[in-house]
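Structure first, then comments.
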Amino acid sequence: KALLEAYADHLEARGKVKSAKAARSVVKVHILEVDPTLSAKPANIITSLEIAALIRQAWEKGKERTAGILRSTLSAAYNCGRRSPFDTELPSAFIKFNIINNPVDVIPTIAVKAGNRTLSNDELKSYMAAMGDTTLDKALKLALFSGGQRMAAILRAEISDWNDDQKTLRLTDPKGKRRTAREHLLPLGPVAASIVAELVKQAAAKNTKFLFPSNRFSYPKKEKPETNEDRIIKTSIHDSMPGPRVSEIAAAMGGEPFDLRDIRRTVETMLAGMGVSRDIRAQLLSHGISGVQAQHYDRHDYLKEKHAALLKWERHLNRIATGEEERKVIPFSEVH
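Residue numbering for the sequence shown follows my numbering, starting at 29 and increasing by one per position.
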């Protein structure tokens with residue numbers, strides 16, 4: 029338990045708040061509640077068989093993805109403990125666990141089945157039509173019109189991230205193994221830019237820096253003010269909220285269910301069908317940019333290329349919304 033808590037703290041310190049929360053959740057539900065005796069044992073005497081039994085319980089309940097997350101979380105925590113005496117970038121808090129070997133190494137990784145659900149043009153048209161004027165729906169619309177951005181990145185956006193002159197939105201992407209969040213600049217098309225401009229005005233009126241503010245407030249003084257002018261919105265909308273809203277829209281549409289990952293996959297699939305290259309799609313969706321060349325040598329900002337792709341994408345969405353788009357679906361398996 030203590031090793032995993034130290035690992036979650038380490039993730040938080042690196043800005044990976046969502047990963048830290050996921051680690052704590054999987055530990056609580058699938059270790060502490062399943063086997064409190066095992067969780068109390070020193071980490072360096074726990075065996076591979078004991079860990080395998082925990083993972084197996086999740087797997088046999090039909091929770092393959094959870095089992096995979098449990099294995100990867102345990103493995104990463106043990107690796108931090110094992111490397112900490114020699115790696116100056118790891119917190120010294122790991123050294124006290126005296127981890128010599130990683131008992132998870134002998135347990136095979138659990139492959140998570142890749143999804144292949146993409147929305148048809150008609151489904152995407154219905155999805156867009158279902159979005160209302162709430163802040164949450166504006167987040168979903170912005171994620172779609174900005175090229176299928178990750179919802180967590182969209183919800184983190186602040187007023188200072190918007191350059192109104194350049195119509196550029198700055199997102200931060202901590203996903204993956206990078207130690208610091210990568211800046212992700214989006215030169216938006218007119219529809220997406222108008223959404224952000226409206227959100228900036230609303231945020232300023234609410235005296236908050238967040239484009240997607242939550243309903244949680246704090247007050248500079250102990251006493252609650254008589255007006256809302258002095259209250260401060262503490263956080264943005266939590267990234268757990270858009271998922272249920274997408275599921276609600278999908279259920280109301282009455283067809284096959286879909287989720288946020290399916291929306292993102294649909295965007296990339298359609299962009300591929302529109303002739304946007306794999307490299308530009310990777311830059312636009314901020315994924316797969318982790319090789320030596322990308323990290324150390326490629327300093328091109330791709331703003332012109334991303335802007336051209338986003339303008340093309342907005343025109344595509346507008347044609348779908350008005351029913352002018354050709355009824356053609358590119359299978360996800362054909363995206364290269």
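From the three backbone atoms N, C-alpha and C, an ideal C-beta is built for every residue, glycine too. Remember, predicted model here, so these are calculated numbers, not experimental data.
Bridge partners of residue 52 according to DSSP: none are assigned. Contact holds between the stretch 211-224 and the stretch 330-338, because three or more Cβ pairs, one in each stretch, are under 8 Å apart. With 16 or more other CB atoms across the displayed protein chains lying within 10 angstroms of its CB, residue 177 is buried. Judged by their CB atoms, residue 237 and residue 186 are nearer to each other than the 8 Å cut-off. The three-state secondary structure of residue 238, taken from DSSP, is strand. Minimum Cα-Cα distance from residue 30 among the listed residues 69, 288, 335 corresponds to 69. In this chain, residue 196 is not harboured by any alpha helix (DSSP H); it is covered by the beta strand (DSSP E) spanning 196-201. Residue 80 sits away from residue 35, with the two beta carbons spaced by 8 Å or more.
Residue 42: not part of any beta strand (DSSP E); DSSP gives it neither H nor E. Per DSSP, residue 216 lies in no beta strand (DSSP E) and is assigned neither H nor E.
Using a Cβ-Cβ distance cut-off of 8 Å, the stretch 169-184 and the stretch 276-285 are not in contact, since fewer than three pairs of beta carbons, one from each stretch, lie closer than that value.
The beta carbons of residue 99 and residue 132 sit closer together than 8 Å. Selection 221, 290, 241 evaluated against residue 339 yields 221 as nearest (Cα-Cα). Across the structure, residue 294 and residue 147 are spaced so that their CA atoms are roughly 6 Å apart. If the five residues before and after residue 38 are omitted, its C-beta is found closer than 7 Å to the C-beta atoms of 108, 119, all from its own chain and listed in chain order. If you draw a straight line from the Cα of residue 274 to the Cα of residue 287, it is about 6 Å long. One alpha carbon belongs to residue 123, the other to residue 194, and they sit about 48 Å apart.
Within the DSSP bridge table, the entry for residue 212 names 199 as partners.
DSSP places residue 117 outside both helix and strand once states are collapsed to three, so it counts as coil. Beta-bridge annotation (DSSP): residue 190 is paired with 197. One Cα belongs to residue 242, the other to residue 230, and the distance between them is close to 13 Å.
If you check the CB distance, residue 200 and residue 265 do not come in under 8 Å.
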